[in-house]
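**Student:** Residue numbers (the numbering used here): 0 to 80.
Starting off with a structure, shown below.
See the structure below:
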């Protein structure tokens, strides 16, 4: 909705860090499913690899002349899920 309101394209970036690569396969699959959903909703998706997610996102944003960055994380449900 935000991208539509700004009349902008939207890109969903996922950064694989060394810590991320050590996570359980099921947890990594959630990220893959989220990227697929974003594509279905019209986003361009990219997967980046770096030791520092923030630096990698900034480098990517600069390389694509991106002017707005929205960052989120999954909700934690009751019971740790």
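Backbone N, C-alpha and C define an ideal beta-carbon position, used for all residues, glycine too.
This structure is a prediction, so every number in the text was calculated from the model and none was measured.
Using only the alpha-carbon positions, how far apart do residue 9 and residue 42 sit?
**Tutor:** Here the question's residue 9 lines up with position 10 in the chain shown. Here the question's residue 42 lines up with position 43 in the chain shown. Each residue's Cα considered, the two are about 5 Å apart.
**Student:** Excluding the 5 residues preceding and the 5 following residue 59 in the sequence, name in chain order all residues of the same chain whose CB lies nearer than 8 Å to its CB.
**Tutor:** One-based indexing of the chain shown puts residue 59 at position 60. Correct list, in chain order: 12, 45, 47, 65.
**Student:** Taking a contact to mean a Cβ-Cβ separation below 8 Å, would you say residue 55 touches residue 29 in this structure?
**Tutor:** The residue you call residue 55 lines up with position 56 of the chain shown. The residue you call residue 29 lines up with position 30 of the chain shown. Taking 8 Å as the Cβ cut-off, residue 55 and residue 29 do not qualify as a contacting pair.
**Student:** Which same chain residues, not among the five before or five after residue 49, have their C-beta less than 7 Å away from its C-beta?
**Tutor:** As a first step, residue 49 must be located in the chain shown, where it is residue number 50. The answer, listed in chain order, is 14, 16, 55.
**Student:** Assuming residue 52 is part of the alpha helix (DSSP H), what are its boundary residues?
**Tutor:** Mapped onto the chain shown, residue 52 falls at position 53. Here the alpha helix (DSSP H) through residue 52 covers 52 to 62.
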